[in-house]
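All remarks here apply to the structure that follows.
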Amino acid sequence: MPLQPTDIPSFAATQLSLLDAELDAERAETALLTSAHPPQTLAHAGLAIVNLTIASQRTGLGGKTVLDLEQDSAVKGASGELPQHGIRVGDIVGLAEQPAGSARKKDKSDKKERGVEGVVLKVSRSSVSVALDKEDVEIPGGRLWLVKLANDVTYKRMSQTMTRLQKFTESEYSPFIRALFGLSSLAPLPSDLPSPDWIDATLNDSQKDAIRFALGARELALIHGPPGTGKTHTLIELILQMLRQGMRLLVCGPSNISVDNIVERLAPHKVPIIRLGHPARLLPSVVNHSLDVLTRTSDAAEIVQDIRKEMDQKQASIRKTRNGRERKAIYAEMKDLRKDFREREKRCVDELVRGSKVVLATLHGAGGFHLKEQQFDAVIIDEASQALEAQCWVPLLSAKKVVLAGDHLQLPPTIKSLNTKSKKKNKGADSNKESSALSLEQTLFDRLLALHGPSIKRMLTTQYRMHETIMAFPSQELYESKLVAAESVKARLLCHLPYEVQETDDTREPLVFWDTQGGDFPERTDDESSLLGDSKSNDMEAALVGLHISKLIEAGVREEDIAVVTPYNGQLAVLSQMVKTRYPGLELGSVDGFQGREKEAVVVSLVRSNADNEVGFLSERRRLNVAMTRPKRHLCVVGDSESVGRGGKFLKRWMEFLQENGDLRYPDVDEVCAFSS
């Protein structure tokens, strides 16, 4: 039954208090980590990168100083590639001189205070680029380390947006805002939705239906895209059809990756587009549309090129001089140059943005000065189920229409403040309960579906990723048995790969279940392996995963076509040491980190095996949905059906499905031990 209308000031006030709690949780976690652990420990956990040096220093967008950092070649065993880490584009980071292992505590804290803060602009295998927040700061020298910090920039923008919404008077509520809070009904759909002249001839019926629906809806449309159903493919056609109707569009996503994916697909269609912010993958098709490049290469860019050149020369001279007075004089000249640069650049940017029919940005990036006074006919938000609702309102306060695309049955955004309230869930609880309305976990997608009912949504039903046996359980349990495997994928196996793979018991099976019940594969709690709290691992299960992978590789499957996913960081650490060292091309990842990804073969390590049959957050069906829908041709699940099957009704049904429909196997303990030795 649809929900009652929402009181907007109360909604905004609740969001503000939840956002404050979330920022506090993130800051507390960051402070605890950076104060309690040395750089090397943080690096091991993926939260820092050590042994860096400045390779170059230049002027970036907005006159910001950009440092390109590489691994110090003097470090023993340095390969030129950065070690594995979790630093991503958009992260707020601290950069400081790295303390020596023998440094006194006071020396270490002094060095930390002398550090600088910035935003990660680009990450490659061998380097990371950081734009510094403050101008005219003393840049640390020597060997450096970089650590991830709490990102309060996004929270500030969300809080500003919610404060504005809270202060709106009744007369300021647009018909759009009223509809999204249930204060007025949605405009009825036209009785006969016109069928446009399709640009992409390969669209299936459910994709065409979703596009027609989104074009016909006046205020709001939800496109539900289960795994592998071509959601982005559908959005590209929708954007092109809207442009044909003369509309101007703002396209957003919660992450740089989600936005860049659309830029990459839209670029070949030669429409005037501009990408605000910094693309995560610097492919030519993406970069050439980024604001950073267009302010250097477009006709409008000529007004800033000469001053940028002068600033780059000053940046280089700062690096060369050691004289304090000379450095101070150069910084003073830089200050004047920056002021002039920003005024010219603002004119250039304004001209570029106004000339673009499609503007693309992250959700919080859409709240920047570039889009003030800009008008759009519709806002399209991709991956809307992974975005906080307050984040979505950043581009929506002045919107007239929104199309949300996502899958609310996969993982919602990660909420750190939830963990501080309740560390443990009830044993055996089936945690498929709807998120409380008082939780940030409830997304705009969720709330609108509850408010207006399923009539506002169209689901894509043909999936192009998984063998039909892999697809069967998620379709039946989560997608009302509506998913259909496309003819091209429904029966494909590892032995059908476009390179030579032997036909074995493993390569001709789409679904394998290694059942470890019996007590020989016990889990353990790792206090050390995860700095973010206790994590679980299972050494014997990791060895069994390695054994299965070794057989796939022996049959000819390439390492880079195989991924191992697990819900636990502790297990990732064990797998990294035991399996990744033997097969470096293999990809390891957390279930949460693998959302949106796919591989030919995926091995899922469930980890949990204990006498109390506790499963922890394994009982979250959305997390398992992500895990079981990543593979194309082969899914191998490794777990204890006895423990896991008692973790709730959903898990019980999954274990039964695997036993009945998968190739059920019981491991030989001696063979597993031989692999791990």
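Using numbering that gives the first Met the number 0, you'd call the opening residue of the sequence shown number 0 and step up by one each time.
Glycine included, every Cβ here is placed at the ideal spot set by N, Cα and C.
The structure presented is a predicted model; accordingly, all values stated were derived computationally and were not measured.
Item to check | Alpha carbon of residue 15 to alpha carbon of residue 549, nearest angstrom | outcome: For residue 15 and residue 549, the distance between alpha carbons rounds to 51 Å.
Checklist entry - Where does residue 624 fall in DSSP's three states? => result helix
Checklist entry - What did DSSP end up calling residue 615 once you bin it into helix, strand or coil? => result helix
Next on the checklist: Less than 8 Å between the C-beta atoms of residue 679 and residue 589, yes or no?
Outcome noted: This structure cannot settle anything about residue 679, because the visible part of the chain is limited to 0 through 676.
Checklist entry - residue 331: buried (16+ other C-beta within 10 angstroms of its C-beta) or exposed? => result By the neighbour-count rule (16 or more Cβ atoms within 10 Å), residue 331 is not buried but exposed.
Next on the checklist: As an exercise, report each continuous beta strand (DSSP E) stretch of at least 3 residues that is fully enclosed by the stretch 319 to 398, in chain order.
Outcome noted: 357 to 361, 377 to 380
Checklist entry - Is there contact between the stretch 39 to 49 and the stretch 139 to 149, where contact requires at least three CB pairs shorter than 8 Å? => result yes
Checklist entry - What's the C-alpha gap between residue 439 and residue 668? => result Rounded to the nearest angstrom, the two C-alpha atoms are 44 Å apart.
Checklist entry - Is it buried or exposed for residue 296, if we count other Cβ within 10 angstroms and need 16 for buried? => result exposed
Checklist entry - Quick one, which of 468, 477, 543, 676 has its alpha-carbon nearest residue 509's? => result Among 468, 477, 543, 676, the Cα nearest to that of residue 509 is on 468.
Item to check | alpha helix (DSSP H) segment containing residue 672, residue limits | outcome: That run of the alpha helix (DSSP H) goes 668 to 675.
Item to check | Sequence-distant residues of the same chain with beta carbon closer than 6 Å to residue 512, five excluded per side | outcome: 636, 657, 661, 663
Next on the checklist: Beta-carbon within less than 6 Å of residue 584's beta-carbon, same chain only, minus the 5 sequence neighbours each way: which residues are those?
Outcome noted: Taking residue 584 as the centre and dropping the five residues before and after it, the same chain places the C-beta of 558, 559 closer than 6 Å to its C-beta, in chain order.
Item to check | Residue from 38, 94, 205, 166 whose Cα sits closest to the Cα of residue 481 | outcome: 205
Next on the checklist: Quick check on this structure: which residue in 649, 593, 521 has the alpha carbon closest to the alpha carbon of residue 638?
Outcome noted: 521
Item to check | Where residue 458 falls: helix, strand or coil (DSSP) | outcome: Judged by DSSP in its simplified three-state form, residue 458 adopts strand.
Checklist entry - Can you pull the DSSP bridge partners for residue 54? => result Answer is none; residue 54 lacks a bridge partner.
Next on the checklist: Quick check on this structure: which residue in 195, 11, 463, 543 has the alpha carbon closest to the alpha carbon of residue 598?
Outcome noted: Considering only alpha carbons, the answer is 463.
Item to check | Candidates 326, 340, 324: closest to residue 308 by CA position | outcome: 340
Item to check | Endpoints, beta strand (DSSP E) assigned at residue 144 | outcome: 143 to 147
Item to check | Whole-angstrom C-beta distance between residue 313 and residue 329, which should lie under 8 Å | outcome: 6 Å
Checklist entry - Looking at the structure shown, is residue 292 part of a helix, part of a strand, or coil, going by DSSP? => result If DSSP states are grouped into helix, strand and coil, residue 292 belongs with the helices.
Next on the checklist: On a Cα-Cα basis, can you pick out the residue from 519, 7, 535, 343 that is closest to residue 169?
Outcome noted: Checking every option, the nearest Cα to that of residue 169 belongs to 7.
Next on the checklist: Quick check: the Cα distance between residue 266 and residue 514, rounded to an integer number of angstroms?
Outcome noted: 47 Å
Checklist entry - From what residue to what residue does the beta strand (DSSP E) around residue 67 run? => result For residue 67, the uninterrupted beta strand (DSSP E) segment begins and ends at 64 to 70.
Checklist entry - How would you label residue 368, buried or exposed, when you count the other beta carbons within 10 angstroms and need 16 or more for buried? => result Burial is judged here by how many other beta carbons sit within 10 angstroms of a residue's own beta carbon; residue 368 has fewer than 16 and is exposed.
Checklist entry - Which residues in the same chain as residue 183 place their Cβ atom closer than 7 Å to its Cβ, once the five residues preceding and following it in sequence are excluded? => result 174, 177
Checklist entry - Which residues in the same chain as residue 4 place their Cβ atom closer than 7 Å to its Cβ, once the five residues preceding and following it in sequence are excluded? => result 180, 181, 182
Next on the checklist: Residues in the same chain with beta-carbon distance under 8 Å from residue 192, minus the five sequence neighbours each way, listed in chain order, please.
Outcome noted: 211, 212, 214, 215
Checklist entry - Which residues in the same chain have their Cβ closer than 7 Å to the Cβ of residue 425, if we skip the five residues on either side of it in sequence? => result Here residue 425 scores only 38 on pLDDT, less than 50, and its place in the model is too uncertain to base an answer on.
Checklist entry - For residue 249, which option in 501, 647, 363 has the closest C-alpha, if you only look at C-alpha atoms? => result 363
Checklist entry - Which value, in whole angstroms, describes the spacing of the CA atoms of residue 58 and residue 116? => result Cα to Cα, the separation comes out at about 16 Å.
Item to check | Expected contact under 8 Å - CB spacing of residue 272 and residue 357 to nearest Å | outcome: In this structure residue 272 touches residue 357 by the C-beta definition: roughly 4 Å separates them, less than 8 Å.
Checklist entry - Apart from the five residues on each side of it in sequence, which residues of its chain come closer than 7 Å, Cβ to Cβ, to residue 151? => result 22
Checklist entry - Are residue 274 and residue 262 close, meaning C-beta to C-beta below 8 Å? => result Going by C-beta atoms, residue 274 is nearer than 8 Å to residue 262.
Next on the checklist: Can you tell me which residues form a DSSP beta bridge with residue 252?
Outcome noted: 361
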